[in-house]
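Have a look at the structure below before the remarks.
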Amino acid sequence: MNEQADVRRQYKAQFIDFLNPDGGHGAHMDAIRKMIRDKERRVKVDLADLRNYDAGHETSLARTLLDRPTELLPALQDAIAEIVRSEEPKYLEPLDEVHASIVGSFGFQRVSPRELMSTMLAKLVNLEGIVTRASLVRPKVQRSVHYCAETKQFHTREYRDVTSLTGLPTGSVYPTRDEAGNLLVTEYGLCKYRDSQTISIQEMPENSPPGLLPRSIDVILEDDLVDSCKPGDRVSIVGIYKAAPSKGAGSMSGVFRTLLVASSVSSIGKESQQLKLTARDTRNIKRISQREDCFELLAQSLAPSIFGHDFIKKAMVLLLLGGIEKNLKNGTHLRGDINLLMVGDPGVAKSQMLRSVMNIAPLSISTTGRGSSGVGLTAAVTSDKDTGERRLEAGAMVLADRGVVCIDEFDKMGENDRVAIHEVMEQQTVTISKAGIHTSLNARCSVVAAANPIMGTYDHNSTITKNISLPASLLSRFDLLFIVLDQMTARHDRDLSEHVLRMHRYRRPGDDGTSAGLFNERRAEDEEDLDMEEEDNVIPIFMKYNRLLHGPRTSGYKDLLHTEFLKLFIAYAKRRNPVLTSEACESIVNNYVEMRQDATNKTIPITVRALETMIRLATAHAKLKLHTEVLQEDVDIAFDLMQYALYARSKDKYEEAHRRKRQRTSQPGETPEGEAPEARGGDASAAGASAAGAEQPQEQEQAQAADGSSALTEEEKERVFAAYRTCSLQDEYSSTVSLQSIEALCPAISRDKILEAVNQLKDQNICGPIDTDTNEIYKI
1 MNEQADVRRQ
11 YKAQFIDFLN
21 PDGGHGAHMD
31 AIRKMIRDKE
41 RRVKVDLADL
51 RNYDAGHETS
61 LARTLLDRPT
71 ELLPALQDAI
81 AEIVRSEEPK
91 YLEPLDEVHA
101 SIVGSFGFQR
111 VSPRELMSTM
121 LAKLVNLEGI
131 VTRASLVRPK
141 VQRSVHYCAE
151 TKQFHTREYR
161 DVTSLTGLPT
171 GSVYPTRDEA
181 GNLLVTEYGL
191 CKYRDSQTIS
201 IQEMPENSPP
211 GLLPRSIDVI
221 LEDDLVDSCK
231 PGDRVSIVGI
241 YKAAPSKGAG
251 SMSGVFRTLL
261 VASSVSSIGK
271 ESQQLKLTAR
281 DTRNIKRISQ
291 REDCFELLAQ
301 SLAPSIFGHD
311 FIKKAMVLLL
321 LGGIEKNLKN
331 GTHLRGDINL
341 LMVGDPGVAK
351 SQMLRSVMNI
361 APLSISTTGR
371 GSSGVGLTAA
381 VTSDKDTGER
391 RLEAGAMVLA
401 DRGVVCIDEF
411 DKMGENDRVA
421 IHEVMEQQTV
431 TISKAGIHTS
441 LNARCSVVAA
451 ANPIMGTYDH
461 NSTITKNISL
471 PASLLSRFDL
481 LFIVLDQMTA
491 RHDRDLSEHV
501 LRMHRYRRPG
511 DDGTSAGLFN
521 ERRAEDEEDL
531 DMEEEDNVIP
541 IFMKYNRLLH
551 GPRTSGYKDL
561 LHTEFLKLFI
571 AYAKRRNPVL
581 TSEACESIVN
591 NYVEMRQDAT
601 NKTIPITVRA
611 LETMIRLATA
621 HAKLKLHTEV
631 LQEDVDIAFD
641 LMQYALYARS
651 KDKYEEAHRR
661 KRQRTSQPGE
671 TPEGEAPEAR
681 GGDASAAGAS
691 AAGAEQPQEQ
701 EQAQAADGSS
711 ALTEEEKERV
721 FAAYRTCSLQ
731 DEYSSTVSLQ
741 SIEALCPAIS
751 RDKILEAVNQ
761 LKDQNICGPI
771 DTDTNEIYKI
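The opening residue of the sequence shown carries number 1 in UniProt numbering; numbering runs sequentially from there.
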């Protein structure tokens with residue numbers, strides 16, 4: 001014991017020298033004085049300052065503190081307490097303690113619950129995870145005082161357990177008699193207690209390996225750390241990793257349970273995580289956002305393996321971006337997350353759409369209607385198997401705070417369970433009032449659900465309400481509801497079957513045992529470029545074109561963004577906060593009034609929530625374009641998307657309703673309002689593009705006729721495109737196409753016309769620019 005006391009005094013002297021501004025380093029003196037002013041009991045000590053102090057000394061306090069915290073933490077706290085008493089003698093009572101919270105870089109000792117091993121026992125670790133359960137705050141005795149009426153004396157007793165830093169654990173039973181057998185009376189008013197709370201930390205859902213259950217560990221919070229977090233919070237906890245005997249296993253068992261005694265708790269919400277972007281990534285993101293087909297490009301890249309469903313993919317992109325959350329001064333919360341429901345026939349890729357969202361979203365949790373209960377989605381009050389006390393356990397929606405919850409088979413969920421998510425979908429909170437626990441948890445997440453009609457397949461002869469069989473109170477909480485039907489047309493079936501067959505025919509190079517050599521031989525040409533990209537950690541923008549996977553590269557082929565770049569784009573755009581302009585507000589009001597007055601049968605009831613939906617969709621599209629303001633075109637695209645979701649059992653019905661709207665808003669002899677391709681989505685964009693394309697050749701012919709030169713014909717343009725495609729496929733692993741090779745395939749066409757045709761193909765994003773020095777055409 002004396003040896004331990006000597007070691008403690010030795011380390012205490014070193015820490016005093018580290019903290020003392022006169023003879024030592026003088027670090028954290030401002031923090032100590034601030035603690036005294038604020039009447040607190042905890043000081044943060046940075047490991048970086050401790051390492052700087054170690055640079056001029058033989059011993060390494062920082063390394064020793066990480067490896068033997070049970071020896072050094074009490075000495076550090078004694079040093080802080082001595083300095084506090086020298087600064088303010090009356091601040092601390094004789095038995096009061098001052099705590100030290102260690103912060104900074106922990107290196108390999110920064111772990112998740114899955115990475116905690118026996119080699120880290122009795123060491124200081126930095127644990128990151130999400131709080132899933134929290135017990136009630138209970139007092140834990142430190143010192144008891146007892147009075148003996150026979151001897152007129154007071155007796156005291158100290159108590160320690162496995163969470164104590166010093167000494168061996170003692171029993172927790174109060175003494176009833178003294179050594180002489182005299183009766184003792186406990187003076188509860190003189191006893192000293194400390195607050196204690198147990199929470200469970202689970203590894204992040206996005207970091208959990210697929211197919212494996214997430215790991216969790218109990219964390220002990222004491223004194224001022226209690227109630228510093230609640231279920232659903234993402235936290236970083238610094239503490240001592242300890243082993244404790246298993247309760248109820250008996251003294252013969254060699255298996256121990258583990259726990260973490262916390263020293264500091266800090267929040268690491270999703271919004272506080274820094275987005276790692278290079279200057280090149282930022283330039284690429286801005287360049288993609290300026291493309292006219294940016295919305296369509298992101299939608300097609302979201303789920304390229306799914307055929308069709310263009311409007312649903314666009315809605316998914318806006319859902320991932322989300323609107324702007326607002327908390328007014330009067331306490332009103334306006335959600336910015338978008339909720340979406342898909343109802344339709346079996347086999348139309350509803351579940352695959354959910355998986356595509358989970359693949360792109362940084363935080364997503366998947367569940368099913370049959371395997372979920374109301375408390376499993378929100379929160380539950382459970383009993384601790386060890387102590388029997390009540391504790392709060394977070395559900396899927398609380399764990400997915402600031403993320404996306406995907407619910408498949410939504411129609412299979414019980415009616416009572418569906419009622420439980422009403423509050424989450426609008427107020428984005430979970431209120432619990434059970435077993436003496438009353439609290440409110442944050443569940444700020446988007447809900448993406450998929451359901452089948454009540455009869456299995458959609459009945460065209462019944463109304464939408466009878467097919468869905470969901471209450472209006474729940475339907476109105478979904479911003480968008482899409483009716484997904486199995487279209488039985490010969491053209492659609494042929495295109496769909498060709499797309500599916502391409503998916504099944506595709507093999508990665510080397511999987512069939514024959515193409516790996518050829519692949520490696522062609523890949524060697526670009527080895528230097530690949531090495532440069534690996535060194536710079538450059539994220540590719542577009543996916544590598546593969547003829548088997550993507551089909552023939554015709555004029556209708558669309559490039560696909562790389563998955564990692566798509567994630568980066570959405571994370572960057574989501575941070576934007578565009579504001580509504582007066583023109584956008586006026587357009588939103590007019591569109592909302594029109595939807596309310598339209599008596600056509602709709603998929604969801606039109607309430608004030610539909611007005612907020614339009615604001616959220618328009619704001620999300622403004623984020624996609626990296627605008628600082630929500631413009632008229634953003635409102636138009638949001639309105640078109642809502643129109644399709646409201647009226648479209650099929651695409652033809654949407655086109656008919658949209659055509660009637662244009663006829664009502666346009667004057668005779670004038671171009672219908674909103675016909676411009678940049679202001680309309682879907683088929684309206686195609687119609688505007690075709691109209692512009694019809695006028696452009698006439699203007700070019702007139703200009704070229706005035707110059708006396710012949711114009712580039714469509715036949716010549718198609719021949720140049722066919723030649724470019726042939727050369728591109730002949731050497732598909734090269735990043736460029738030679739202009740001379742195109743001239744060799746088109747001997748009857750002059751170079752000027754070939755250059756003009758290539759420039760038109762570049763404007764259509766079929767090819768890249770021409771390098772005038774090497775006469776090479778870059779591929780996209």
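Note that beta-carbon positions come from the ideal geometry of N, C-alpha and C, so glycine has one too.
Please state the DSSP three-state secondary structure of Gly460.
Reading the sequence as shown, one finds His at residue 460 and not Gly. Note: His460 maps to coil in three-state DSSP.
At 4 residues or longer, what runs of the alpha helix (DSSP H) sit wholly inside the region 252 to 338?
As far as the region 252 to 338 is concerned, its whole alpha helix (DSSP H) runs of at least 4 residues are 279 to 289, 294 to 302, 310 to 321.
How would you write the range of the beta strand (DSSP E) that Ser433 sits in, first residue to last?
Unbroken beta strand (DSSP E) run through Ser433: 429 to 434.
Spell out a yes or no on whether the region 193 to 212 and the region 147 to 160 are touching, meaning 3 or more CB-CB pairs, one atom from each, closer than 8 Å.
No, because fewer than three Cβ pairs between the region 193 to 212 and the region 147 to 160 fall closer than 8 Å, the two stretches do not touch.
Can you have a look at Met353 and say buried or exposed, based on whether 16 or more other CB atoms are within 10 angstroms of its CB?
It counts as buried.
Would you give the residue range spanned by the beta strand (DSSP E) that Thr368 belongs to?
Counting along the chain, the beta strand (DSSP E) containing Thr368 begins and ends at 364 to 368.
Assign His99 to one of two classes, buried (16 or more other C-beta atoms within 10 Å of its C-beta) or exposed (fewer than that).
So His99 ends up on the buried side.
Taking the alpha carbon of Tyr193 as the reference point, which residue from Val162, Arg138, Asp233 has its own alpha carbon closest?
Of the listed residues, the one whose Cα sits closest to Tyr193 is Arg138.
Spatial neighbours of Glu3 within its chain, please: C-beta separation below 6 Å, excluding the five flanking residues on both sides.
If we look at Glu3 and ignore the five residues flanking it on each side, it has no Cβ neighbours.
Along the chain, where does the alpha helix (DSSP H) that runs through Asn759 open and close?
Where Asn759 is concerned, the enclosing alpha helix (DSSP H) stretches over 751 to 763.
Take the Cβ of Cys585 as the centre, count every other Cβ of all protein chains shown within 10 Å, and call the residue buried at 16 or more, exposed below.
Exposed.
Looking only at DSSP bridge pairs, what is Glu222 linked to?
Partner(s): Ser196.
Rank Thr163, Ala48, Pro175, Asp218 by C-alpha distance to the C-alpha of Thr156 and give the top, closest one.
The residue with the shortest Cα to Cα distance from Thr156 is Pro175.
Please report the distance separating the alpha-carbon of Asp78 from that of Arg33.
If I take the Cα positions, the gap works out to 16 Å.
By DSSP, does residue 782 sit in helix, in strand, or in coil?
Nothing can be reported for residue 782: it is not among the residues displayed for the chain, which extend from 1 to 780.
With a threshold of 7 Å on Cβ separation, who are the neighbours of Arg576 within its own chain once the five nearest residues in sequence on each side are excluded?
Correct list, in chain order: Lys623, Leu626.
Expressed to the nearest angstrom, what Euclidean distance is found between the alpha-carbon atoms of Asp401 and Ala443?
If I take the Cα positions, the gap works out to 5 Å.
In terms of residue numbering, what span does the beta strand (DSSP E) encompassing Met342 cover?
Per DSSP, Met342 belongs to the beta strand (DSSP E) from 340 to 344.
Can you tell me whether DSSP reads Leu624 as helix, strand or coil?
Three-state DSSP puts Leu624 in a helix.
How about Ala571: is its Cβ closer than 7 Å to a heavy atom in the ligand HEM?
This structure does not include the ligand HEM; it has no bound ligands of any sort.
Are the CB atoms of Val235 and Val265 within a distance shorter than 8 Å?
Against a cut-off of 8 Å, the Cβ pair of Val235 and Val265 comes out as a contact.
Between the region 457 to 467 and the region 421 to 436, do at least 3 Cβ pairs fall closer than 8 Å?
The region 457 to 467 vs the region 421 to 436: no contact.
Glu716 and Ala757 - do their beta-carbons sit closer together than 8 Å?
Yes.
Exposed or buried, what is Met455 when buried is set at 16 or more other beta-carbons lying within 10 Å of its beta-carbon?
Looking at its Cβ environment, which holds fewer than 16 other Cβ atoms inside 10 Å, Met455 is exposed.
If you drop the 5 nearest sequence neighbours on each side, which residues of the same chain put their C-beta closer than 6 Å to that of Arg257?
Within the same chain, Arg257 has close Cβ partners Ala244, Ser246.
What first and last residue would you give for the alpha helix (DSSP H) that runs through Ser351?
First-last of the alpha helix (DSSP H) with Ser351: 350 to 360.
Tell me, to the nearest whole angstrom, how far the beta carbon of Ala396 is from that of Gly376; I am working on the premise that it is less than 8 Å.
Right, the Cβ-Cβ distance comes to about 7 Å (below 8 Å), so this counts as a contact.
Roughly how far, in whole angstroms, is the beta-carbon of Asn327 from the beta-carbon of Asp479, given that I think they are within contact range, below 8 Å?
No, Asn327 and Asp479 are not in contact; Cβ-Cβ is about 20 Å, not under 8 Å.
Grouping DSSP H, G and I as helix and E and B as strand, with all else coil, what is Glu718?
In this structure, Glu718 counts as helix in the three-state DSSP scheme.
I'd like to check one pair, Gly232 with residue 781: are the Cβ atoms closer than 8 Å?
Absent from the structure is residue 781, since the part of the chain shown begins at 1 and ends at 780.
So, are the CB atoms of His621 and Phe295 less than 8 Å apart?
Yes, these two residues count as a Cβ contact at 8 Å.
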